[in-house]
Structures are given as C-alpha cells and as structure tokens.
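> Everything in the sequence shown is counted per the numbering used here, starting at 38 for the first residue and increasing by one.
Below is a structure I'd like to ask you about.
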Amino acid sequence: MSLNNKVVWSEGMFLNPQHFQQQERYIEALVEAKFSASGACRWGIRDLEIDQQLLGLGKISLVKGRGVFPDGTPFEFPAVDDSPAVIELSDNIQNEIIHLCLPVRRAGARDVASASNNQSLARFVSQEQEIRDVSSDSSETIKIDVGRLNLKLIAESEDLSGYISVGVMRVAEVREDNKIILDESYIPGCLDCAGSPRLAGYFTEIISLLHSRGEAIAGRLADANRGGTAEVADYMLLQLINRLEPVFRHMAHIEGIHPLDMYSQLVQMVGELSTFVSGARRCPVFPGYKHDDLNASFDPVITALRNCFSTVHEQSAISLQLVEKKYGIRVAEIVDRSLIGSA
C-alpha cells in the first residue's frame, strides 16, 4: 500500500504520532504532484555560494544555497537547514561532479535521526528550537523538536544510490598542494539562469552579437550610394534581429528565467538564422534538452549560434551609376569586367 494515502479522521479516534506523520506525507505528496504538473524540470539550484578560501586548502564547503531537489523537496541553508558538512577530496580526482545530496524517503525506514547521528540515511536531523505562541500576548516559549534536512556533499564516484541529488560543481583537478580547481564552464541544474554565471554570460554574448550585426546591416541599408540595391534578405535578416534583440535584453534583466525557456529561444534563433547563413538553408539537429546535463544541452547550440554570426552575408547586387546621354538613353559604365562573368 502507498504511504501517501489520506488519513480518514473520525470522531472519538485515538490519536497517535503515526496519524500526523501520515497526514504530513499525504500533503507533501499532494503538493509535489501539483508542482510537477505545473511544468517540466522544476528542480535545481536557485542560489549557491562556494567557500573559495577552503578550495585552496583542499576542502569543499558551501556558504549558502537555495533550490529544489528532483523529488520536489525545497532546501535553503543556512537560514532554514544546516549547511552540509565540509568534505576533503583525494588528489586523484579529475573532472568529477560534486553533488548536494539528501537521503531518499524509504518505506518503513526511520525518517528522523538525532543531531549526534547525522551520518545515518534519515532525511531529517532533529534539533531543539524555542517557539513562541504567536496567537497569545504571552512572550513565553517552549522547546520543541524540529527536523532540518540532512544534507551532504558527495562526489559522483561514490555510492549515490540512497540519495536524491543535484550537481553543484565540477572539480577539474586537485593539485599537488591540495588546491582544488573548479571547472568554470560547468552549468549545474538550475531554476534560474541568473544563478549560473555561464548562462548569464551567454545572455550578454548573444545580445552583443545581435546588436553588432544589426548595426552593420542597418548601416548598409542606410547607405545612400547603394540606393535600391540592397537585397530583400538584408531587410528580412534585420527584421529578425530587431525582433530577437529586445526579447533577449528583456530576459537578461529579469529573475526566474528557466534554462529550458532560454534553450527554446536559442534553438529557434539558430533555426531562423540558418535560413540566411547555412549553405543547405536548414538548421542543425541538436541532441535535445537535458536538465541534469546543461553543458551537453547548451554547448552545441551556442557553437552553432556563433557560427551563424561569424558567417559574412555577401552582397550580390552592385550599384551602377547611370549617365544621361542623348535621345533619352542612359548608360552605365562597367569598370570591372569580371562582373559580367559572375552575374
């Protein structure tokens, strides 16, 4: 039977802790079901700060963090939960992802452990906390036991089978002096593009590419010497750029942009630009979006986008000056005879 069924309350029933525990599980499952139905990939890091000083000592520590685990469990430390314990890495680690982990809920297993036994696979660690009755004028408090998430930092080479996890960093190498070097290109699974320096940097780069190409085309179209020789493709490409640039400026300046939304905009941009710059006039096929591997998702799209903007759109129309002659005849002198052969 499921551990998430609703408790049937009735008059005169004898209450046990199990009744409240079951009701809590039911409510949590209900919230998670509705939350997961609201959209895809609604988990990941929202805010994260790594202790840079301890990296130089061969240790990994998180100063603060906020987000949601893949099972829908929210976390926030140190404000709500305890920060995960500091870990040390061996010197043979290379290109390894470090995960923020939480023990999975297991049927029939204990969910709460004491503060002295936080190495267990319990999801929560029990701690005393003084609580005031907010419905009373009295300032008296009582001590109650509250549960904080039993968070851990674990390298991907270790056993993660008993945990739900989200990657928070990739260790490039551990040097001989024990200094830990992180892979700055790593993109953790996140809920907000602003929380990833890499994704935020993509916004800046794309806006710059759009602006510079738009200015170049607009300047070419405004050149009086070209007159009506500008190709229709120039106007269409400028129209596309003028549509995309304000959209990306808008996305770059607001919080809460999900990486999936950014990815969708990028692949659409590559597809539209391919019409103008690709020899086959077709867009490339990408491997698809993977929320747990954002590098594999974004790297080929960004590479294709850079190739689109690095392609120079050659002009095939040349302006020729017409000279008025006798009898209403106008003549254009062709100085470069190679134009006749290439026309």
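Every residue, glycine too, gets a C-beta built ideally from N, C-alpha and C.
Among Ile244, Gln164, Gly316, Cys320, which has the Cα closest to the Cα of Gln305?
Checked all of Ile244, Gln164, Gly316, Cys320; the closest Cα to Gln305 is Cys320.
> For a minimum of 3 consecutive residues, which ranges assigned as the beta strand (DSSP E) are wholly contained in the segment 185-239?
You should have 189-192, 200-211, 217-219.
> Ile371 to Gln358, Cα distance in whole Å?
Spanning the two alpha carbons is a distance of roughly 9 angstroms.
> Residues in the same chain with beta-carbon distance under 8 angstroms from Gln60, minus the five sequence neighbours each way, listed in chain order, please.
Lys43, Val44, listed in sequence order.
> Looking only at its own chain, which residues have a Cβ that is under 6 angstroms from the Cβ of Leu91, when we skip the five neighbours before and after it?
Result list for Leu91: Ser98, in chain order.
> Compare the Cα-Cα distances from Pro140 to each of Gln164, Asp128, Phe106 and report the closest residue.
Among Gln164, Asp128, Phe106, the Cα nearest to that of Pro140 belongs to Phe106.
> I need the DSSP call for His290, collapsed to helix, strand or coil.
DSSP places His290 in coil when its eight states are reduced to three.
> To the nearest whole angstrom, what separates the beta carbons of Leu281 and Leu247, a pair I think is in contact under 8 angstroms?
Contact flag correct, Cβ pair sits at about 6 angstroms.
> Whole-angstrom Cβ separation of Phe114 and Leu188, contact assumed at under 8 angstroms?
Yes, they are in contact, since the Cβ atoms of Phe114 and Leu188 sit about 7 angstroms apart, within 8 angstroms.
> Is it right to say Ser47 is buried, meaning 16 or more other beta carbons lie within 10 angstroms of its own, or is it exposed?
Its Cβ having fewer than 16 others within 10 Å, Ser47 is exposed.
> Would you check if the segment 161-180 and the segment 223-237 touch, i.e. whether three or more CB-CB distances between them fall below 8 angstroms?
Counting Cβ pairs under 8 angstroms, fewer than three are found: no touch.
> Identify the continuous alpha helix (DSSP H) that holds His339 and give its terminal residues.
According to the sequence shown, residue 339 is Ile rather than His. Here the alpha helix (DSSP H) through Ile339 covers 331-347.
> Which same chain residues end up closer than 8 angstroms to Leu275 when comparing Cβ atoms and leaving out the 5 residues on each side of it in sequence?
Excluding residues within five positions, the ones whose Cβ falls inside 8 angstroms are Gly251, Ile254, Ala255, Leu258.
> Tell me whether Gly264 is buried or exposed, calling it buried when 16 or more other Cβ atoms sit within 10 Å of its Cβ.
Only weak support exists for where Gly264 lies, its pLDDT of 49 falling under 50; the value from the coordinates is given anyway. By the neighbour-count rule (16 or more Cβ atoms within 10 Å), Gly264 is not buried but exposed.
> Between Ser198 and Cys138, what straight-line distance do the alpha-carbon atoms span, to the nearest angstrom?
When rounded, the distance between both Cα atoms is 10 angstroms.
> Could you check what DSSP says for Glu48 in three-state terms: helix, strand or coil?
Three-state DSSP puts Glu48 in coil, outside helix and strand.
> Can you tell me whether DSSP reads Gly104 as helix, strand or coil?
Residue state, collapsed to three classes: strand.
> According to the neighbour-count rule (16 or more other Cβ atoms, all chains shown, within 10 Å of its Cβ), is Glu133 buried or exposed?
So Glu133 ends up on the buried side.
> State whether the segment 336-344 contacts the segment 292-310, with contact taken as three or more CB pairs (one from each stretch) at a distance under 8 angstroms.
The segment 336-344 is in contact with the segment 292-310.
> Please check the pair Gly232 and Arg83, which I expect to be a contact at CB under 8 angstroms, by giving their CB distance rounded to whole angstroms.
Confirmed, Cβ separation roughly 6 angstroms.
> Taking Cβ positions, are His136 and Leu190 nearer each other than 9 angstroms?
Result yes, Cβ atoms of His136 and Leu190 sit closer than 9 angstroms.
> Give the C-beta separation of Glu210 and Gln131 to the nearest angstrom, bearing in mind that I take them to be a contact with Cβ-Cβ under 8 angstroms.
That belief holds up - the Cβ atoms of Glu210 and Gln131 are roughly 5 angstroms apart, short of 8 angstroms.
> To the nearest angstrom, how far is it from the Cα of Glu268 to the Cα of Gly104?
Using only the alpha carbons, I get a separation of about 50 angstroms.
> Roughly how many angstroms separate the alpha carbons of Cys345 and Asp108, rounded to a whole number?
Taking the straight line from one Cα to the other gives about 39 angstroms.
> State the DSSP-derived secondary structure class of Thr178, mapped to helix, strand or coil.
Strand at Thr178.
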